[in-house]
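Residue numbers 1 to 562, in the numbering used here, belong to the letters of the sequence shown in order.
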Amino acid sequence: MPKTKTAAMTEEKGLNFIEEIIEEDLKNGKYRQIITRFPPEPNGYLHIGHASSICLNFGLTQKYGGYTNLRFDDTNPVTEETEFVESIKEDVRWLGFEWKNELYASDYFDTLYQYAITLINKGLAYVDDSSSEEIAALKGTPTEPGKNSPYRGRSVHENLDLFERMRNGEFKDGSKTLRAKIDMAHSNMLMRDPVLYRIKHAHHHRTGNKWCIYPMYDLAHGQSDSIEKVTHSICTLEFVPHRELYDWLIEKLEIYPSRQYEFARRNLTYTITSKRKLMQLVNENHVQGWDDPRMTTISGMRRRGFTPESIRDFCDRIGVAKRENMVDMSLLEFCVREHLNKIAIRRMAVLDPVKLVITNYPKDQTEEVWSENNPEAENNGGTRPVMFSGELWIEREDFMEVPVKKWFRLAPGAIVRLKSAYIIKCENYIKDKEGNITEIQCSYIPESRSGNDTSGIHAKGTIHWVSTAHAAKAEVRLYDRLFTVENPTGEEGDFTRYINPNSLQIIKEAYIENSLKEAKEGNKYQFIRKGYFTPDKDSTPEHPVFNRTVTLKDTWVKESRK
Ligand code: ATP
Ligand code: MG
Numbered sequence: 001m002p003k004t005k006t007a008a009m010t011e012e013k014g015l016n017f018i019e020e021i022i023e024e025d026l027k028n029g030k031y032r033q034i035i036t037r038f039p040p041e042p043n044g045y046l047h048i049g050h051a052s053s054i055c056l057n058f059g060l061t062q063k064y065g066g067y068t069n070l071r072f073d074d075t076n077p078v079t080e081e082t083e084f085v086e087s088i089k090e091d092v093r094w095l096g097f098e099w100k101n102e103l104y105a106s107d108y109f110d111t112l113y114q115y116a117i118t119l120i121n122k123g124l125a126y127v128d129d130s131s132s133e134e135i136a137a138l139k140g141t142p143t144e145p146g147k148n149s150p151y152r153g154r155s156v157h158e159n160l161d162l163f164e165r166m167r168n169g170e171f172k173d174g175s176k177t178l179r180a181k182i183d184m185a186h187s188n189m190l191m192r193d194p195v196l197y198r199i200k201h202a203h204h205h206r207t208g209n210k211w212c213i214y215p216m217y218d219l220a221h222g223q224s225d226s227i228e229k230v231t232h233s234i235c236t237l238e239f240v241p242h243r244e245l246y247d248w249l250i251e252k253l254e255i256y257p258s259r260q261y262e263f264a265r266r267n268l269t270y271t272i273t274s275k276r277k278l279m280q281l282v283n284e285n286h287v288q289g290w291d292d293p294r295m296t297t298i299s300g301m302r303r304r305g306f307t308p309e310s311i312r313d314f315c316d317r318i319g320v321a322k323r324e325n326m327v328d329m330s331l332l333e334f335c336v337r338e339h340l341n342k343i344a345i346r347r348m349a350v351l352d353p354v355k356l357v358i359t360n361y362p363k364d365q366t367e368e369v370w371s372e373n374n375p376e377a378e379n380n381g382g383t384r385p386v387m388f389s390g391e392l393w394i395e396r397e398d399f400m401e402v403p404v405k406k407w408f409r410l411a412p413g414a415i416v417r418l419k420s421a422y423i424i425k426c427e428n429y430i431k432d433k434e435g436n437i438t439e440i441q442c443s444y445i446p447e448s449r450s451g452n453d454t455s456g457i458h459a460k461g462t463i464h465w466v467s468t469a470h471a472a473k474a475e476v477r478l479y480d481r482l483f484t485v486e487n488p489t490g491e492e493g494d495f496t497r498y499i500n501p502n503s504l505q506i507i508k509e510a511y512i513e514n515s516l517k518e519a520k521e522g523n524k525y526q527f528i529r530k531g532y533f534t535p536d537k538d539s540t541p542e543h544p545v546f547n548r549t550v551t552l553k554d555t556w557v558k559e560s561r562k
């Protein structure tokens, strides 16, 4: 079971190991400014793991001076799409970062081609006619050396000729590759004559049909860093073995010495951080799209109501690690609550309505009562008028026919305060034939009005409400974690087996304060006692739809302690 990180463990803060390296480099005068890059492959939407990398790369140059490039790693013509490029740009900006240059590895195809020729001229690369299976067969194992390819001895002249013809489209996909000539007995398997170029007759989203050979990751990535004079090229741990090749290529090409540093991938419990697997969820209709609010894609979290501040706070708290571990989803939810508590506007909404009639309130009378917009706001959020009347919706769960011990809400004969309004006493209730409660009848105490209470009566519980005549109907979507297990990809079988069947609950008839009909996408609310909510992109004034961003308390902690 992977270790989880809790909020408490992340409290202490010092410099992370990358900051230490940078401070050392700056002290030694190695660089005048720090240049980093965020290098997504445009083959899907960004997720919470990418947010971590974005906050790190952009955060470092904000802190130490310099800049960050957004570089699309678009060297694989088959999987990349413009839709993904656009969504990635939107997501990075939404997180609050601005890149210096928008760049594409494909912009460097001409330069990379020249680099390949330089290597051939230096006798450091050759064209190999072996198939990928033949290459693999001669690769050896970590404990056994590999064997030289029969094509390894080709002359520079012959290699130059063949490589040019590869480029000209004379050969079929997979029939030839360009390989670095390093050492087939190297202890690092990646240094055993790695493939630098492959043939792929495919249309590229930016270069069209200009190329039919494409550089492999190792040639493209490091050399792109070098072209951009990236000082600190930060990637995840799986690239540790690539560093040797990264350095070899820069050394042999005699180009700007960018340096690669690795940190641990960020994985979160109860979710997936892999574009490929997220794509599977979308394609197999387990979710309604990349921005489904249950997805921990940036667009999904945005639609769900998470704020960029809370995601940045989360990334900051989890920091940078050298070893992989799982981060607890509760920490992300904690960060979201913390921020929303400060900024969300308080409103009343009843999600599971039952009617409450105040029998001694004058029929057809209405009045305005005043309720706080946000007592937690820095500048005191002020108050708003809410329409009150003798017929209200309250939550069904706020009434108990036979109350349990310490029940401070409504029950026969019990007293509660209606939020920002009056104290009421339950006198009676009506049931239908099936035994469902259809109406609760109460009396109210006119002298108990909030802000002007002279009744001398103390009600232990307060419940929220909306006036039936003044409320608007709304659809409310409640989300829960998308998976039932902490690490869905670490369990047996396909990860989709562990999808939480109750991750989405739709309430068709909730009642909200009337003004919420005009709520705009991006507005943040706390529905009192119910959680944080935001209008969905599907919302219209005629048919308001709200997403629950997060509950008020961590309900999962309770579950696991049972
Ligand atoms: P995926 O498997 O989701 O496609 P990836 O690493 O292939 O992830 P890229 O688009 O290549 O995705 O990644 C862009 C940058 O984001 C890289 O520098 C990568 O290291 C970083 N990154 C991706 N996933 C994570 C993660 N879970 N935690 C931290 N950084 C990540
Ligand atoms: Mg990738």
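Note that CB positions come from ideal geometry on N, CA and C, so glycine has one too.
The structure presented is a predicted model; accordingly, all values stated were derived computationally and were not measured.
contact_flag[the stretch 412-422, the stretch 458-468] where n(CB pairs < 8 Å) is 3 or more: yes
Cβ separation of L178 and A116, assumed to be a contact under 8 Å, to the nearest whole Å: Reading the sequence shown from its first residue, position 178 is the one you call residue 178. Reading the sequence shown from its first residue, position 116 is the one you call residue 116. The pair is a contact, with the Cβ atoms about 6 Å apart (cut-off 8 Å).
Three-state secondary structure (DSSP) of A7: What you label residue 7 is simply residue 7 of the sequence shown in a count that begins at 1. Residue confidence for A7 is low, a pLDDT of 40 falling below 50, so the modelled location carries little weight and cannot support an answer.
Whole-angstrom distance between R37 and R198, CA atom to CA atom: Translated into the one-based positions of the sequence shown, residue 198 becomes position 198. Translated into the one-based positions of the sequence shown, residue 37 becomes position 37. So the alpha carbons of these two residues sit roughly 25 Å apart.
Exposure label - G493; buried when at least 16 CB within 10 Å: Taking the first residue of the sequence shown as position 1, residue 493 is located at position 493. Answer is exposed; the Cβ neighbour count stays below 16.
C-alpha distance - N325 paired with I255, whole-angstrom precision: By 1-based counting over the sequence shown, the position of residue 325 is 325. By 1-based counting over the sequence shown, the position of residue 255 is 255. Their Cα atoms are separated by approximately 36 Å.
Any heavy atom of ligand 3 within less than 7 Å of residue CB: hits in chain order: With respect to ligand 3, the structure shown offers nothing to examine, as its ligands consist of ligand 1 and ligand 2.
Residue burial classification, I506 (beta-carbon count within 10 angstroms, cutoff 16): Taking the first residue of the sequence shown as 1, we reach residue 506 at position 506. That one is exposed.
Proximal residues to F17 (C-beta, below 6 Å), its chain only, five neighbours per side dropped: On the sequence shown, residue 17 is found 17 positions in, with the first residue counted as 1. None.
Inter-residue spacing [alpha-carbon to alpha-carbon] between E170 and E238: In the sequence shown, the residue the question calls residue 170 occupies position 170. In the sequence shown, the residue the question calls residue 238 occupies position 238. So the alpha carbons of these two residues sit roughly 35 Å apart.
Nonlocal neighbours in the same chain, by C-beta distance under 7 Å from T118, ignoring five residues either side: Taking the sequence shown and counting its residues from 1, the one referred to as residue 118 is at position 118. Taken in chain order, the residues that qualify are L253.
Distance between G59 and H470 (C-alpha atoms, nearest Å): In the sequence shown, counting from the first residue as 1, residue 470 sits at position 470. In the sequence shown, counting from the first residue as 1, residue 59 sits at position 59. Each residue's alpha carbon lies about 48 Å from the other.
When E376, E372, K355 are compared against C442, the one with the closest alpha-carbon: Counted from its first residue, the sequence shown places residue 442 at position 442. For C442, the nearest C-alpha among the options comes from K355.
DSSP-derived helix/strand/coil call for D612: In this structure the chain extends from 1 to 562, so residue 612 is not present and cannot be described.
Euclidean distance between Cα positions of A414 and E83: The sequence position of residue 414 within the sequence shown is 414, counting from 1. The sequence position of residue 83 within the sequence shown is 83, counting from 1. So the alpha carbons of these two residues sit roughly 58 Å apart.
Reference T540; option with closest CA among F527, K508, E521: Position 540 of the sequence shown, counted from the start, is the residue given in the question as residue 540. When only C-alpha atoms are compared, the closest one is E521.
Buried or exposed by the 16-neighbour rule on C-beta atoms within 10 Å, applied to W99: In the sequence shown, the residue the question calls residue 99 occupies position 99. Counting Cβ neighbours within 10 Å, W99 comes out buried, since at least 16 surround it.
Cβ-based burial, R346 [other Cβ within 10 Å; buried from 16]: On the sequence shown, position 346 is the one that residue 346 refers to. Burial call: buried.
The stretch 263-280 contacting the stretch 21-37, beta-carbon criterion three pairs below 8 Å: no
Pair within 8 Å by beta-carbon distance, Q223 and Y108: Numbered from its first residue, the sequence shown carries residue 223 at position 223. Numbered from its first residue, the sequence shown carries residue 108 at position 108. Yes, these two residues count as a Cβ contact at 8 Å.
Environment of Q490 [buried if 16+ CB atoms lie within 10 Å]: Counting from 1 along the sequence shown, the entry for residue 490 is found at position 490. Checking the sequence, you will find Gly at residue 490 rather than Gln. Looking at its Cβ environment, which holds fewer than 16 other Cβ atoms inside 10 Å, G490 is exposed.
Local conformation of Q441 per DSSP, three classes: As a working note, residue 441 is residue 441 in the sequence shown. The answer is strand: DSSP assigns Q441 an E or B state.
Stretch-stretch touch, CB-based, cutoff 8 Å, three pairs: the stretch 371-384 with the stretch 405-413: no
Helix, strand or coil at T496 according to DSSP, with G and I counted as helix: Here the question's residue 496 lines up with position 496 in the sequence shown. T496: helix per DSSP, three-state reduction.
Assigned exposure category for D128 - 16 Cβ within 10 Å defines buried: Your numbering for residue 128 matches position 128 in the sequence shown. With 16 or more other Cβ atoms within 10 Å, it is buried.
Close Cβ partners of K5 (< 8 Å) along its chain, the five nearest in sequence each way excluded: The sequence position of residue 5 within the sequence shown is 5, counting from 1. Its pLDDT being 46, under 50, K5 is placed unreliably in this model, and the value from its coordinates should be taken loosely. Excluding residues within five positions, the ones whose Cβ falls inside 8 Å are I318, N325, M326, V327, D328, L331.
Under the three-state DSSP convention, the category K406 falls into: Counting from 1 along the sequence shown, the entry for residue 406 is found at position 406. Note: K406 maps to coil in three-state DSSP.
Boundaries (first-last residue) of the alpha helix (DSSP H) holding M348: On the sequence shown, residue 348 is found 348 positions in, with the first residue counted as 1. It is not in any alpha helix (DSSP H) - M348 carries neither H nor E in the DSSP assignment.
Beta-carbon spacing of N159, A180 below 8 Å: Residue 159 sits at position 159 when you count from the first residue of the sequence shown. Residue 180 sits at position 180 when you count from the first residue of the sequence shown. No.
Distance between T297 and L70 (C-alpha atoms, nearest Å): Residue numbering aside, residue 70 sits at position 70 when the sequence shown is read from its first letter. Residue numbering aside, residue 297 sits at position 297 when the sequence shown is read from its first letter. L70 and T297: Cα-Cα distance of roughly 18 Å.
Segments assigned beta strand (DSSP E), at least 3 residues, entirely inside the stretch 39-110: 66-72, 102-104
V156 to G123 span [Cα, whole Å]: Stepping through the sequence shown from its first residue, residue 156 is reached at position 156. Stepping through the sequence shown from its first residue, residue 123 is reached at position 123. Their backbone Cα atoms lie some 6 Å apart in a straight line.
Beta-carbon proximity list for F314, same chain, < 6 Å, skipping 5 on both sides: Counting from one through the sequence shown, the residue named residue 314 turns up at place 314. Only L332, C335 meet the Cβ criterion.
As assigned by DSSP and simplified to three states, the class of E397: Walking along the sequence shown from the start, residue 397 turns up at place 397. E397 falls in the helix class under three-state DSSP.
Best match in E368, E86, Y270, K524 for proximity to D304 [C-alpha to C-alpha]: In the sequence shown, the residue the question calls residue 304 occupies position 304. Note that residue 304 is Arg in the sequence shown here, rather than Asp. When each option's Cα is compared against that of R304, the closest is K524.
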